Amino acid sequence: MLQSMFWAIAGLSAMPFVLGGEFFILGLGVASLLFALIMFLVALGVLWRRRWARRCVIVVEIICLIGSLLLLALPIGANHGPVSLMTNVLLPVAVFVLLRKPREAFV
Amino acid sequence: MFDIATDHAIGLLAALVALPVAALVLRFQQGWSAASGTVQAAAVLMATSGVVHLALIGHHIAQHPVTAALFLVNGLAFIGLAATVRWRRWRLASTALLVATILGYLFYIAVGLEGPDQVGVATKLIELVTLGLVLVPVRGEPAKSHRALRWTSLGVALPMLTVMTASTAWIVDLARPDPRHVHAGALLQATNALPTQEQQDAANRLYAETKAAILPYQDSRKALAAGYRPEGPSNMPSSHWMNQAYVDAGYVMDPRRPQGLVYANTKHGPVLLGAMFQMKNIGQFGPDPGGPLTAWHQHENICFTPFGFEFSLMTPFATCPLGAIDVSASPMLHVWIVDNPKGGPFAVDIDDEVVKKIARA
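Here is the structure:
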């Protein structure tokens, strides 16, 4: 749920730049907001112990983690601060740990 | 916002030490094994946040004794609650303390008593996560545990508090950037405060040489012939035209070979505004002959998307919109050959009004 909030904030953060004439950013902002909404619903699915939700979250977290580690490794000047590490690395790892329960716990 | 304030660095170290220690020590309290995993995790995070607050007292006590006293109370309250997870009113007290602490921080940064930095935002992030863990209902709780209210708080109040934290930190950072950040995302090179006469003369020389060298590019066809290509959307007031060969060659502040040119996009075609020197590597500022007059700047924490070659800024929680990645641009120095009354000939940005005036002319 927190991650979906972060994606929603990222989507909203793009909007002021649309006013500055960056129209592709509008698409990305809307896509981020939609993704945040979907992930919020998936989070509810996890709370209701739905197997599809667990699977979906695991896939998303793997993608997030690989992307974040790539950003950290590549020399492109990505932020390596504590907040970035917590949001983009620790949080996905924590979600993994929370979903480590046996698959049978989900229906 | 993306830096660690010198006097807050100790807080970060304290957190790194406190986290494993809290995880080890708290398990010796009564009722720990009976507590749910979320309560245990919340207690460990609260103890960590408490230690961060206590660690910051030393740097605040001399100049901000009230803040230091609040840190003391806050730190002790967090540690006290972390050590009493069996208390009947633990969830209520923890929620109240966490919300009060987050709102208190937002008040402090909003009125300018503190600046948002990585330690502050990271601590708030820990507290938001903790709040979620405290609120989330778990199986096997007694009937009178206000589950409906907690679910509502989790689904409404926590997201609202998260958005409020991010927006406050961001607005404050944009409205009151520190002296080395001219605006969000641009870090200025460290220089002396006032230019000496030699620095003033050197800046004048650089300006004159650069202006003379790029004047032929007022005809944009000559710029195209020299290898400059427009980048970014053409519907913006101005565009940077980059010369990839000069970027790759790594010329350092060569007035005859600036890595970029800046044009105003007018209905009569591109109008030359100035030149841009760019260093090859991130974090490597160029020579600074004019001292504070010719300080280079580096754009950091930019969300870049290859779709349309557009940019936005990274959020305080270090996220970018879907399809954009966080990057930094290597240091650059602009030389504006048109009058730029607000910032001068080497300003980070050209005044929007100047560009609009040129577009209307």
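Chains as they are written, first to last, in this note's numbering: chain A, 142 to 248; chain B, 31 to 391. Idealized CB from N, CA, C, for every residue including glycine. Owing to the predicted nature of the structure, the values given are computational and were not obtained by experimental measurement.
If residue i and residue j are in contact, beta carbons under 8 angstroms, what's the gap, nearest whole angstrom?
| i | j | result |
| --- | --- | --- |
| Pro-263/B | Glu-157/B | That pair is no contact at about 39 angstroms. |
| Val-151/B | Ala-199/B | 6 angstroms |
| Gly-145/B | Glu-330/B | At roughly 16 angstroms, the Cβ-Cβ gap does not stay under 8 angstroms, so Gly-145/B and Glu-330/B are not in contact. |
| Val-193/B | Gly-41/B | Contact doesn't hold; Cβ gap of about 24 angstroms is too wide. |
| Ser-250/B | Pro-288/B | That pair is no contact at about 15 angstroms. |
| Gly-80/B | Ala-123/B | About 13 angstroms separates the two Cβ atoms, so there is no contact after all. |
| Glu-261/B | Ser-269/B | 7 angstroms |
| Pro-375/B | Tyr-237/B | 5 angstroms |
Closer than 9 angstroms, CB to CB, is residue i near chain B or not?
| i | result |
| --- | --- |
| Leu-169/A | yes |
| Ile-207/A | no |
| Gly-218/A | yes |
| Ile-150/A | yes |
| Pro-157/A | yes |
| Glu-163/A | yes |
| Val-198/A | no |
| Phe-247/A | no |
| Pro-233/A | no |
| Ile-166/A | yes |
| Pro-243/A | no |
| Val-236/A | no |
| Leu-153/A | yes |
| Gly-186/A | no |
| Ala-172/A | yes |
| Leu-182/A | no |
| Val-201/A | no |
| Leu-212/A | yes |
| Leu-178/A | no |
| Leu-160/A | no |
| Leu-143/A | yes |
Rounded to the nearest angstrom, what separates residue i and residue j at their Cα positions?
| i | j | result |
| --- | --- | --- |
| Ala-65/B | Val-115/B | 7 angstroms |
| Ser-225/A | Asp-284/B | 36 angstroms |
| Glu-245/A | Leu-204/B | 49 angstroms |
| His-298/B | Met-266/B | 15 angstroms |
| Ser-342/B | Gly-61/B | 49 angstroms |
| Trp-117/B | Val-159/B | 21 angstroms |
| Thr-240/B | Leu-43/B | 47 angstroms |
| Ile-150/A | Ala-77/B | 28 angstroms |
| Ile-367/B | Met-190/B | 47 angstroms |
| Leu-239/A | Val-187/A | 10 angstroms |
| His-364/B | Ile-244/B | 13 angstroms |
| Ala-305/B | Gln-229/B | 20 angstroms |
| Thr-36/B | Gly-88/B | 13 angstroms |
| His-327/B | Phe-165/A | 26 angstroms |
| Gln-314/B | Ala-377/B | 19 angstroms |
Which one or two residues does DSSP pair with residue i in a beta bridge?
| i | result |
| --- | --- |
| Trp-366/B | Gly-304/B |
| Ser-259/B | Note that residue 259/B is Arg in the sequence shown, not Ser. Paired residue(s): Met-272/B. |
| Val-357/B | Ile-332/B |
| Ser-342/B | Cys-333/B |
| Val-292/B | His-270/B, Gly-304/B |
| Gly-299/B | Thr-296/B |
Could you tell me whether any Cβ in chain A is nearer than 9 angstroms to the Cβ of residue i?
| i | result |
| --- | --- |
| Asp-379/B | no |
| Thr-198/B | no |
| Gly-162/B | yes |
| Pro-317/B | no |
| Thr-335/B | yes |
| Glu-383/B | no |
| Met-306/B | no |
| Ala-48/B | no |
| Gln-70/B | no |
| Ala-242/B | no |
| Leu-122/B | no |
| Gly-353/B | yes |
| Phe-357/B | According to the sequence provided, residue 357/B is Val. The question's Phe does not apply to it. Judged by the 9 angstroms Cβ criterion, Val-357/B is in contact with chain A. |
| Gly-280/B | no |
| Met-344/B | yes |
| Ile-312/B | yes |
| Arg-360/B | Reading off the sequence, residue 360/B comes out as Ser, not Arg. Taking Cβ atoms only, chain A reaches closer than 9 angstroms to Ser-360/B, which makes this a yes. |
| Gly-185/B | yes |
| Ile-156/B | yes |
| Pro-263/B | yes |
Should residue i be counted as a contact of the ligand HEM given a C-beta to heavy atom distance under 8 angstroms?
| i | result |
| --- | --- |
| Leu-239/A | By its list of ligands, the structure shown contains no ligand whatsoever, and the ligand HEM lies outside what it can speak to. |
Taking 9 angstroms as the CB-CB cut-off, is residue i touching chain D?
| i | result |
| --- | --- |
| Phe-147/A | Annotation note: the requested chain D is absent from the structure, which comprises protein chains A and B. |
Quiz item: Using 8 angstroms as the Cβ pair cut-off and three pairs as the minimum, do the stretch 229-238 of chain A and the stretch 370-385 of chain B touch?
Solution: no
Quiz item: Hey, is the stretch 381-391 of chain B in contact with the stretch 289-298 of chain B, meaning 3+ C-beta pairs nearer than 8 angstroms?
Solution: yes
Quiz item: Pairing CB atoms from the stretch 209-218 of chain A with CB atoms from the stretch 345-358 of chain B, are three or more of them under 8 angstroms?
Solution: yes
Quiz item: Given 8 angstroms as the limit, is there contact between the stretch 309-328 of chain B and the stretch 270-287 of chain B, that is, 3 or more CB pairs closer than that?
Solution: yes
Quiz prompt | Inter-stretch contact at 8 angstroms, needing at least 3 Cβ pairs: the stretch 167-176 of chain B / the stretch 44-58 of chain B | solution = no
Quiz item: Do the stretch 143-161 of chain A and the stretch 171-182 of chain A meet, that is, are 3 or more Cβ pairs less than 8 angstroms apart?
Solution: yes
Quiz item: Do the stretch 316-323 of chain B and the stretch 216-226 of chain B touch if we need at least three Cβ pairs shorter than 8 angstroms?
Solution: yes
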